[in-house]
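Below: one structure, written as structure tokens.
Protein chains: 2
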Amino acid sequence: METLSERKKRILHAVVASHIKTADPVGSRTVARTYRMGLSSATIRNEMADLEEMGYLEQPHTSAGRIPSQKGYRYYVDHLMTESKLSEEEELNIYRSLNAEKMREIEQIIVHAVKVLASVTKQTSLIMGPQFQKSTFQQMRILPLDEKRGLVVLITDSGFIKNKVIKLNQSLSPMELQQVVSYLNQKLYGLSIDQVTTTLINELKRDLFRRLEILEQAFILLEESLREEQQARVYLGGTTNILSQPEFKSVEKIHRMLSLFEQESLLFEILEKNLTEDDSIVVKIGTENEYEGIHECSLITATYKIKDRVLGTIGVLGPTRMDYRWIIAVLRCLVDKLNRTLSSGL
Amino acid sequence: METLSERKKRILHAVVASHIKTADPVGSRTVARTYRMGLSSATIRNEMADLEEMGYLEQPHTSAGRIPSQKGYRYYVDHLMTESKLSEEEELNIYRSLNAEKMREIEQIIVHAVKVLASVTKQTSLIMGPQFQKSTFQQMRILPLDEKRGLVVLITDSGFIKNKVIKLNQSLSPMELQQVVSYLNQKLYGLSIDQVTTTLINELKRDLFRRLEILEQAFILLEESLREEQQARVYLGGTTNILSQPEFKSVEKIHRMLSLFEQESLLFEILEKNLTEDDSIVVKIGTENEYEGIHECSLITATYKIKDRVLGTIGVLGPTRMDYRWIIAVLRCLVDKLNRTLSSGL
DNA sequence: TGTTAGCACTCGAAGGCAAGGAGTGCTAAC
DNA sequence: GTTAGCACTCCTTGCCTTCGAGTGCTAACA
């Protein structure tokens, strides 16, 4: 990437800032006046023509002002934008709404967090639920409900609790159940759910069958229950916020976006691509996103964790024209708070 | 309601049918030609003018055709529409998609059903989840997880299983827990969740405290967990389907509808108003709905049940111009199947 | 050599206008 | 009571004009 003269930088910055604010193409006059460059509009016009040639700006049509290109936004995010701190008030606002209810389970906390993020940013926000597959087995219980049914409860280290009613085709004595369960707990403790493969289960099954042949049905169902949640869930907040954005005023565009929001697995893939191991915030602008349905959008994400173990990705999706600086600050603040809640909470 | 001449009925029927199909205002020519009345357009014109005066039809503007008024739709639904059976193919289609996965828990079945309903009807569909409050207590278990935490599992007769992790501020011996739990089960069995009031809980608490003073915390949390799900959930399907409807082509209308879809408690109220005890299907047209946000919509609902106990309401929401006849048939078929699945399944 | 004022030019948005067409209401004849 | 005929209404569509914001270029200026 070429280096830009100081003056070009200032002008590019001004164009980006103005366009983020107003959503209109910005002309040389506006830059000269509103941003007090100490230069005439004609000079700025020349510079803007240069910036366009270099690919940082583009013109919707000849007689309109300029808008930042994707490259322009990228330059802004990488070199021009200063990190901003939220005002005390904004920060308090986020803290307060996250504390609003005492929540005990991880899923509730997450769903709540994504709603808060959406309502603060006025954009659509998404969060990848904690990845069940990656969490490690802590303990399993089988609770006999009556002669024919039992409740399998699976608890993992990240506070995940899964349960499932299973049918048992033969009645089991509590003793027998107890035996099976403690055996399983012993064998599985500390493994990640990923590691509990079908082969491992088969092994255990063989092992157990020597002693107890009655559990076939129970096992099939246990296996099923593990396989089922193959993929973490994605929760959304503020999906209707895109309707207020001027770039989504056509019904087809809205349709495309909302249909995307209904495809959980696609959202998951998109978010997964932004998963990082460190604390950085990832900004993907326009076509930098691999899924072409959001080539006119930007996605800003961060990872959230529980005691240094990365759980998933949370982020904001909006038009490329979004207030990167502010949203990054909000996201940082919210993730910080979320991490602390999760790590202390459970 | 006045009685209409046979001829007026036929014309009204034709207008409604044509408008449902095309979404355009229908003129006298169209009625005469397409529906082979054996009358000239002029005659029909006169009749239509009468029907307008009587309030069954209305004109968007002078030189347009007529569209059915709300009163017109009502008359159609009450007197003109014949009940239709689905074709074998359609019926099979519904059956097949409902059987697609073997589902064990009531919530999954319901969520799946509402999706199927939406995709078949190409409208938005909603279902009120089984009302936790109305189901009766079957059994409760407390599963100690470690010294500090326990898992409360609550099982009701409609197959509802609720669980919640609680913190215990003092360690409990399994014996002690066992005692409390069996006492509670004995006292609460067969009561509806509604009936488990705070006062009853307090009574039990007092009773128990004489013996075990350590459980205060556990009790507070149990109470909380009961209170929490005050209101059944509402699940939606095909929310984006309204975007394909010509009556929702303006962004503001879409916005209003989608915002409504985010307000679960409002949806619940709307559905609750349609709850009946019998097997009838309820049709609310336009302003017959109390919530004014859907005064341009119609809502068709049925109740679903498990072994003759009403669980909740399932329905279709769409523009007043919808194919009542067909949608009622679909709904009937689906609810029938759903009831059987629920009653046999668990 | 860089900056600025001036000016012609471009192009979209908005408004007005006429033509076209679907449908009506009325009247008079059957 | 029914129908053909006709004038009338009013929306839709396309076309044209005007308006204005903004540009690029040129020539003059510091």
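Quick mapping for you: the protein sequence lines, in order, are chains A and B.
Going by the numbering used here, the first sequence opens with residue 477, and the numbers climb by one from there.
Going by the numbering used here, the second sequence opens with residue 477, and the numbers climb by one from there.
Every residue, glycine too, gets a C-beta built ideally from N, C-alpha and C.
(request) Consider the Cβ of Ser819/B: report whether some Cβ of chain A lies at a distance smaller than 8 angstroms. (result) no
(message) Quick check: what's the CA-CA separation for Ile690/B versus Thr817/A?
(response) Interpretation of Ile690/B is limited by its pLDDT of 46, a score under 50 that renders its predicted location unreliable; the figure taken from the coordinates is listed afterwards. Approximately 27 angstroms, taken between the alpha carbons.
(message) Here's the rule I'm using: 16 or more other beta-carbon atoms within 10 Å means buried, otherwise exposed. How should Pro722/A be labelled?
(response) Burial check for Pro722/A: the Cβ neighbour count within 10 Å stays below 16, so the residue is exposed.
(request) Specify whether the segment 484-496 of chain B and the segment 550-569 of chain B touch according to this definition: at least 3 beta carbon pairs, one from each stretch, less than 8 angstroms apart. (result) yes
(request) From the DSSP output, in three-state form, read off Thr498/B for me. (result) helix
(message) For Tyr665/B, count the other beta carbons within 10 Å of its own beta carbon; 16 or more makes it buried, fewer makes it exposed. Which is it?
(response) exposed
(message) Which residues in chain B have a C-beta closer than 7 angstroms to the C-beta of Leu627/A? List them in chain order.
(response) Identification of chain B residues near Leu627/A by a Cβ-Cβ cut-off of 7 angstroms yields Val629, Ile637, ordered along the chain.
(request) Taking only heavy atoms of the ligand SAM into account, decide whether any of them is closer than 7 angstroms to the Cβ of Gln671/A. (result) With respect to the ligand SAM, the structure shown offers nothing to examine, as it has no ligands at all.
(request) Determine, using beta carbons only, whether Leu676/A comes closer than 8 angstroms to chain B. (result) no
(request) Leaving aside the five residues before and after Val592/B along the sequence, list all residues of the same chain whose C-beta is less than 8 angstroms from its C-beta, in chain order. (result) Ile570, Ser573, Leu574, Gly713, Leu810
(message) For Gly713/B, report the span of its beta strand (DSSP E) as first-last.
(response) 710-713
(message) Would His731/B pass as an interface residue toward chain A - the criterion being a Cβ-Cβ separation below 8 angstroms?
(response) yes
(request) Output yes if chain B places a C-beta closer than 8 angstroms to the C-beta of Leu793/A; else output no. (result) no
(request) List in chain order: all unbroken beta strand (DSSP E) runs of 3+ residues lying wholly within the segment 731-806 of chain B. (result) 758-761, 773-782, 785-795
(request) Taking C-beta pairs closer than 7 angstroms, name the residues in chain B that Ser735/A reaches, listed in chain order. (result) Thr716
(message) With distance defined between alpha-carbon atoms, name the residue in Leu527/B, Leu751/B, Gly514/B nearest to Thr479/B.
(response) Leu527/B
(request) Compare the beta carbon distance of Thr632/A and Leu667/A with 8 angstroms and say whether it is the shorter of the two. (result) no
(message) Helix, strand or coil, according to DSSP, for Ser601/B in the structure here?
(response) Judged by DSSP in its simplified three-state form, Ser601/B adopts strand.
(request) Have a look at Arg732/B, Met733/B, Ser720/B, Leu734/B and flag the residue whose alpha-carbon is nearest the alpha-carbon of Glu728/A. (result) Ser720/B
(request) Give a yes or no on whether 8 angstroms exceeds the smallest Cβ distance from Val727/B to chain A. (result) yes
(request) Could you check which residue in Asp755/B, Glu753/B, Leu747/B has the C-alpha nearest to that of Glu766/B? (result) Closest in C-alpha terms to Glu766/B, from the list Asp755/B, Glu753/B, Leu747/B, comes Leu747/B.
(message) When you compare the CB positions of Ser741/A and Thr716/B, do they come within less than 8 angstroms of one another, or not?
(response) no
(message) Considering only the alpha carbon of each residue, which of Ala499/A, Lys484/A, Thr763/A lies closest to Met798/A?
(response) Ala499/A
(request) Return the CA-CA distance between Ser756/A and Tyr780/A, expressed in angstroms with no decimal places. (result) Distance from the CA atom of Ser756/A to the CA atom of Tyr780/A, rounded to whole angstroms, is 11 angstroms.
(message) Cβ closer than 8 angstroms: which chain B residues qualify as neighbours of Leu719/A?
(response) Val727, Ile730, His731, Leu734
(request) For Leu743/A, decide whether its Cβ has a neighbour in chain B, counting only Cβ atoms nearer than 8 angstroms. (result) no
(request) Report the neighbours of Arg617/A on chain B: residues whose CB is nearer than 7 angstroms to its CB, in chain order. (result) Leu619
(message) So Thr789/B and Leu751/B are supposed to be a Cβ contact under 8 angstroms. How far apart are they, rounded?
(response) 5 angstroms
(message) Under 8 angstroms: do the segment 583-602 of chain A and the segment 791-805 of chain A share three or more Cβ pairs, one atom per stretch?
(response) A contact exists between the segment 583-602 of chain A and the segment 791-805 of chain A.
(message) Spatial neighbours of Thr796/B within its chain, please: C-beta separation below 7 angstroms, excluding the five flanking residues on both sides.
(response) Here Thr796/B has Gln546, Tyr549, Ile761, Gly762, Glu772, Cys773, Ser774 as same chain residues with Cβ atoms under 7 angstroms from its own Cβ, once five neighbours each way along the sequence are excluded.
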